[in-house]
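Each remark here refers to the structure printed beneath this line.
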Amino acid sequence: MKIAIIGAMKDEINLLDNIITNKIYSYIGNYQIIYGKCNNFHIALLLSGIGKVSAAISTTILIEKFSPTVIINVGCAGSLTSKLKIGDIAISTHTCYYDVDLSIFGYHLGQVPECPLLFNANAKLVKLIQLCIQKLQYNYLTGTICTGDKFLIDINNTRYINKMNIIPIAVDMEGAAISHVCYRFNIPFIVLRVISDVVNTNSYLLFKQQIKLINIKIFNIIKMFLSNNHFYI
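Going by UniProt numbering, the letters in the sequence shown line up with residues 1 to 233, in that order.
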């Protein structure tokens, strides 16, 4: 099985480098892909860069070069619910955009033409990640993670989230773009986020202080996930 892991920032994924053996480094444009193995899995680790366009470009390259069985997008997010505090985990059951508006043509807020409003994460991946997080005794919540090209500190700065007919649990800058590419290429995916800040509070001021914790929790979850050598999607 080929597992692709994508993170937007080096500080979110650099610990994962330590669990990959037989590493081969590949460079395409400004993107670095680390190929290797972990247990019985073939692994590709990609630093996508921040934002929807960077995420979509890098994911497409990765699919073309690696043909992954599944894609796991890891990183940080802002909480949109009182049930998720800093350091807690958000697991996507779905992802969507919050900064797309073609409603004048009859589409839902957040919907891109020829695509669903919600991109569905793979249910088996969701279950497997949940089991890992439960074993690690991390607090988590499953739900919709929404994406836009803005570090959101005040939900009132975007009129769309409040008007959408969904209630997202967290907000990021890459998840839906990666999901969108996976949808187009029929690749099972999951978006996994450690909460770095809480929207509508001043916790964003502590963002840089949370990066080490985010990195460690991502490492622990993925390491445990990859220790299961007998799952199939």
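Glycine included, C-beta positions come from ideal geometry on N, C-alpha and C.
Determine the DSSP secondary structure at alanine 56, reduced to helix, strand or coil.
Residue state, collapsed to three classes: helix.
With distances taken between CB atoms, is the gap from asparagine 73 to valine 191 smaller than 7 Å?
Result yes, Cβ atoms of asparagine 73 and valine 191 sit closer than 7 Å.
Let's test the definition: count the other Cβ atoms within 10 Å of the Cβ of methionine 173 and tell me whether it reaches 16, buried, or not, exposed.
The residue in question, methionine 173, is buried, as its Cβ has 16 or more Cβ neighbours within 10 Å.
Once you ignore the five residues that flank glutamine 111 on each side, which residues in its own chain have a CB closer than 6 Å to its CB?
Answer for glutamine 111: Leu117, listed in chain order.
Taking 6 Å as the cut-off, is the beta-carbon of lysine 223 closer than that to any non-hydrogen atom of the ligand NAD?
Among the components modelled here there is no ligand, and therefore nothing to report on the ligand NAD.
Closer than 7 Å by C-beta to residue 255: which residues in its own chain qualify, once you throw out the five before and the five after it? Chain order, please.
An answer regarding residue 255 cannot be provided, because it is not within the stretch 1 to 233 covered by the chain.
What span of residues does the alpha helix (DSSP H) with serine 179 cover, start to end?
Serine 179 -> alpha helix (DSSP H) spans 175 to 185.
Within the same chain, show all residues whose beta-carbon is closer than 7 Å to that of isoleucine 214, passing over the 5 residues directly before and after it, in chain order.
Excluding sequence neighbours, isoleucine 214 sits near Glu12, Cys76, Val194 and Ser196.
Consult DSSP for tyrosine 160 and reduce its assignment to one of helix, strand or coil.
Tyrosine 160: helix per DSSP, three-state reduction.
Find the nearest neighbour of alanine 8 within the set Ile86, Ile153, Ile19 and Ser58, judged by alpha-carbon distance.
Closest by alpha carbon: Ser58.
Which one of Lys223, Ile63 and Met1 has the shortest CA to CA distance from arginine 184?
When each option's Cα is compared against that of arginine 184, the closest is Ile63.
Quick one: complete beta strand (DSSP E) runs, 3+ long, within the region 35 to 82?
Entirely contained in the region 35 to 82, the beta strand (DSSP E) runs reaching 3 residues are, in chain order, 41 to 47 and 70 to 79.
So what's serine 196 in DSSP terms, helix, strand or just coil?
Note: serine 196 maps to strand in three-state DSSP.
Where does leucine 131 land, buried or exposed, given buried means 16+ other C-beta within 10 angstroms?
Result: exposed.
Given a cut-off of 7 Å on the beta-carbon distance, is the pair threonine 69 and lysine 163 in contact?
Their beta carbons are not under 7 Å apart, which means threonine 69 does not touch lysine 163 by this criterion.
Which residue comes first and which comes last in the alpha helix (DSSP H) that contains leucine 131?
Leucine 131 -> alpha helix (DSSP H) spans 123 to 136.
What's the C-alpha gap between tyrosine 98 and alanine 176?
Answer to the nearest angstrom: the Cα atoms are 9 Å apart.
Excluding sequence positions up to five away, which residues of its chain have a Cβ less than 6 Å from the Cβ of isoleucine 187?
If we look at isoleucine 187 and ignore the five residues flanking it on each side, its Cβ neighbours are Ile71.
Hey, out of Pro113, Gly106, Ile133 and Leu15, whose CA is closest to alanine 90's CA?
Looking at the Cα atoms, Ile133 is the closest of the given residues.
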